[in-house]
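S.K.: Residue 448 in my numbering sits at position 460 of the sequence shown; the count goes up by one each step and never skips. The beta-carbon is built from N, C-alpha and C at its ideal position, and this holds for glycine as well. Treat the numbers as computed from the prediction; the structure is a model and nothing was measured. Sharing a structure here in structure tokens format.
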Amino acid sequence: MYTKQVYRCYFAIPKFLVFFLSLLIILSPNAEAFDHEESSVNFQYYSQDVIKQNREKNKPYFLLFAAQWCHWCDLFIEETLSKEKVFSYLRNNFTNIFIDADIHSSAYRKYKATGVPFTVFLNPDGSIYYKYAGALYAKEFLEVIQDVHKNVSENKSVDGEENYQVVYEPPNELKTADLEKIREMYHQGVLDNFDLKEYGLGTGSKFILHKTFLYLLDSLSGPDRKDAIRWISKTLEKAVENIYDPVEGGFFRYAEKKDWQIPHYEKMADLNAGAINILYVINSQSPSPLLKKAADKSVQYLTSTLYDPNIESFLSFQEADTSYYFFNEKNRKRNQKPNVVEKVFTDRLAKTLFYLIDVLDYNKRNSLEEKVLNSLDFMAEMIIKNEKISHYYSISEKQWLSNGSLPDYANSGILFLKAAKKFQNSRYHEVAIKILRLSKARFYDSKKMIFFDPSMDNLNDVEYLMEMNGLFAQIMLNIEISEIRNDYHRYKTEPMIKYFSAMDELLEEQIWDAENWEFAERYVSYLRAVDNFLASMD
């Protein structure tokens, strides 16, 4: 179900720079929060039309994706973009556009960014010249932008080896055997790629892949499940040892190295909620005082540091600080805590609450249930009052801002469906129905019979679409509407299940080539939808 198209590979950061990037992160002092308005580069604000509006300048574009919580972004502005040779060259030779990766998450997906800071260079016509993730020192970055400008002015492309891009072609019919094949390939691929020395998945960066781990426990049986419990337990022990904050609680985003070294010190609410959930689940299967203590303390962290009592909702993340977390409790009191970003992002809040609802089965302390319900009501009010979902809430502006994207709708919908069942709350059920109605009106493609993101130019990121459609398929298969029979929802869901039922080839390539296993998280919502769909046929 795949064809292959040739394309020029994008510029990659030279391997000799990896050492300097790591050194920059470890040794540099904490910088002030990244603020493009104060940058000498004179960035423009990003909008959907900003590329088109600047084409008459006939200059290449420098697009910088950054995030308020990102320590690397702070260092990039301090060590590179603030240098006169760099910002002068950019101002004279490029159209420079700053993109907040959280606020403009649709642009982040459109350009297939893989981290922050993330750099995209565009030709004057708006086509991609090349892109890469990471922060370079001023000297190396100046060389890069000089080469870009020279090649673009001479109408030259990037020198590089030819590569292949997989183009997905959906099947014409749905076969149960294909669904079973994807599920079995996923199970076996994950089980075969646990790092039995350092634990975690793969030989690259290490993450707590809570969606993957929870799905394994829910879908495996017999010896495979026993192996999964043991390996997940060992992985979580490694995570507690290396990317957990024992003083204040909470887990850092991930570790850059396969041995769990070089943590990225951001604390994200949704990732912590997922981590807490899998910690409690594993502890219930294989009791561990270490894991339970980390889970309890992380709940305390979420309900204090990342909960705002004024708006009565969980926030989304706390900024990184590579020096602060080396201090003991006494010395931390003498230093300023990393800033908590005063924004609530809808998709992150939805994912946070989705997992905290399950955490309530294990932890009744810290007024967790009350704060979960407060946050649900905070979201519900926004959805009920409007005929749309907003992307984020700004505490400083005291309002919801920006139109929501496909993940905002999908994650909110499955959250409120779960909350309605957990709390026996008809209001939450009405919110879930409204979200499904709004989603169909805005995102459903009646020709392809899937939910599609209009901010994307094409269907290339099929794993992203599979993940979103997996969430909507779960909603449609589980929602209860008295005036519509359940078999109607199964009928409407079948085209969505069929569309992605030939993903085994792409999954096989991912498993074969992967060092980092974040991609595995994207398959879980579809696999759960497949399980629900097959069960509905019995």
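Across which residues does DSSP place Ile438 in a beta bridge pair?
M.R.: Paired residue(s): Asp433.
S.K.: So is Gly392 buried or exposed if we call it buried at 16+ other beta carbons inside 10 Å?
M.R.: Classification of Gly392: buried, given that the 10 Å Cβ count is 16 or more.
S.K.: Would you report the Cα separation of Lys100 and Leu51, rounded to the nearest angstrom?
M.R.: Taking the straight line joining both Cα atoms gives about 13 Å.
S.K.: Can you tell me the Cβ-Cβ gap for Val269 and Leu303, rounded? I've got them flagged as a contact below 8 Å.
M.R.: Actually they are not in contact, since the Cβ atoms of Val269 and Leu303 sit about 25 Å apart, beyond 8 Å.
S.K.: Across the segment 331 to 348 and the segment 358 to 378, are there enough close Cβ pairs to call them in contact, namely three or more that are closer than 8 Å?
M.R.: Yes, the segment 331 to 348 touches the segment 358 to 378.
S.K.: Can you find the residues in the same chain that come closer than 8 Å, C-beta to C-beta, to Ala21, ignoring five residues on each side of it along the sequence?
M.R.: Confidence at Ala21 is low in this model, with a pLDDT of 34, below 50, so its placement is unreliable and the value that follows should be read with caution. These residues qualify, in order along the chain: Gln56, Asp62, Glu307 and Asn327.
S.K.: Which residues share a DSSP beta bridge with Leu49?
M.R.: What sits at residue 49 in the sequence shown is Tyr, not Leu. Thr83 and Leu110.
S.K.: Note down the Cα distance separating Arg218 from Tyr174, rounded to an integer number of angstroms.
M.R.: Whole-angstrom Cα-Cα distance: 18 Å.
S.K.: Got a sec? Which residues, its chain only, sit under 8 Å from Ser272 by beta carbon, not counting five neighbours each side?
M.R.: Closer than 8 Å at Cβ, skipping near neighbours: Tyr350.
S.K.: So Asp309 and His59 are supposed to be a Cβ contact under 8 Å. How far apart are they, rounded?
M.R.: Contact holds; Cβ gap of about 7 Å.
S.K.: Restricting to Cα atoms, I'd like to know which of Arg79, Leu78 and Thr107 is closest to Asp88.
M.R.: The shortest C-alpha separation from Asp88 is found at Thr107.
S.K.: Shortest alpha-carbon distance to Asp247 belongs to which of Ser384, Leu259, Arg241 and Ala227?
M.R.: The residue with the shortest Cα to Cα distance from Asp247 is Ala227.
S.K.: Do you know offhand how far Tyr295's Cα is from Tyr232's?
M.R.: So the two alpha carbons sit approximately 19 Å from each other.
S.K.: Look at Phe411 and Phe439 and say whether their C-beta atoms are less than 8 Å apart.
M.R.: No.
S.K.: Under 8 Å by Cβ, that's how I've got Leu356 and Thr291 pegged, so tell me the actual separation to the nearest angstrom.
M.R.: Indeed they touch by this definition, with Cβ atoms about 6 Å apart.
S.K.: Between which two residues does the alpha helix (DSSP H) carrying His137 extend?
M.R.: Unbroken alpha helix (DSSP H) run through His137: Ala126 to Ser141.
S.K.: How many Å lie between Asp183 and Asp215 at the Cα?
M.R.: Asp183 and Asp215: Cα-Cα distance of roughly 13 Å.
S.K.: Say whether the segment 192 to 201 touches the segment 509 to 516, bearing in mind that this needs 3 or more beta-carbon pairs closer than 8 Å, one atom from each stretch.
M.R.: Yes: at least three Cβ pairs fall under 8 Å.
S.K.: What is the rounded straight-line gap between the Cα of Asp180 and the Cα of Leu267?
M.R.: Distance between the alpha carbons of Asp180 and Leu267: 22 Å.
S.K.: Are the CB atoms of Glu244 and Ser207 within a distance shorter than 8 Å?
M.R.: Cβ atoms of Ser207 and Glu244: not closer than 8 Å.
S.K.: For Pro275, does the count of other Cβ atoms within 10 angstroms reach 16, so buried, or fall short, so exposed?
M.R.: Flag for Pro275 reads exposed.
S.K.: State the start and end residues of the unbroken alpha helix (DSSP H) segment that holds Lys359.
M.R.: Start and end: Leu356 to Lys373.
S.K.: With a threshold of 8 Å on Cβ separation, who are the neighbours of Tyr289 within its own chain once the five nearest residues in sequence on each side are excluded?
M.R.: Counting only Cβ-Cβ distances below 8 Å, and skipping sequence neighbours, we find Asp233, Glu236, Gly237, Gly238, Lys255 and Asn260.
S.K.: Just confirm the distance between the C-beta atoms of Ser464 and Thr481, as a whole number of angstroms; I'd bet it's less than 8 Å.
M.R.: Per the sequence presented here, residue 464 reads as Met, with Ser not at that position. That belief holds up - the Cβ atoms of Met464 and Thr481 are roughly 5 Å apart, short of 8 Å.
S.K.: CB Asp492 to CB Ile170, shorter than 8 Å?
M.R.: Yes, these two residues count as a Cβ contact at 8 Å.
S.K.: Residues in its own chain within less than 7 Å of Leu11 by CB, not counting five upstream and five downstream?
M.R.: Only weak support is given to the placement of Leu11: the predicted model assigns it a pLDDT of 39, under 50, and the value that follows is read from those uncertain coordinates. Here the set comprises nothing.
S.K.: Given a cut-off of 8 Å on the beta-carbon distance, is the pair Tyr49 and Thr102 in contact?
M.R.: Not in contact: Tyr49 and Thr102 (Cβ atoms no closer than 8 Å).
S.K.: Helix or strand or just coil, what does DSSP make of Met256?
M.R.: Strand, per DSSP.
S.K.: Between which two residues does the alpha helix (DSSP H) containing Lys280 stretch?
M.R.: Here the alpha helix (DSSP H) through Lys280 covers Pro277 to Ser292.
S.K.: What three-state label does DSSP hand Val178 in the structure shown?
M.R.: Three-state DSSP puts Val178 in a helix.
S.K.: Find the nearest neighbour of Val287 within the set Tyr242, Asn354 and Glu66, judged by alpha-carbon distance.
M.R.: The candidate whose alpha carbon is nearest that of Val287 is Asn354.
S.K.: Can you name, in chain order, every residue of its own chain whose Cβ lies under 7 Å from the Cβ of Asn504, other than the five neighbours on each side?
M.R.: Cβ within range, chain order: Gly190, Gly192 and Ser193.
S.K.: Going by DSSP, what residue range makes up the beta strand (DSSP E) through Phe333?
M.R.: It spans Lys331 to Phe333 - the beta strand (DSSP E) in which Phe333 sits, taken as one unbroken run.
S.K.: Among the candidates Ile383, Leu224, Ile377 and Glu317, whose CA atom is the shortest distance from the CA of Lys331?
M.R.: Looking at the Cα atoms, Ile383 is the closest of the given residues.
S.K.: How long is the line joining the alpha carbons of Asn319 and Ile85, rounded to whole angstroms?
M.R.: If I take the Cα positions, the gap works out to 39 Å.
S.K.: Quick one: what's got a C-beta closer than 6 Å to Arg322's C-beta in the same chain, skipping five residues either side?
M.R.: Closer than 6 Å at the Cβ level, and outside the excluded window around Arg322, lies no residue.
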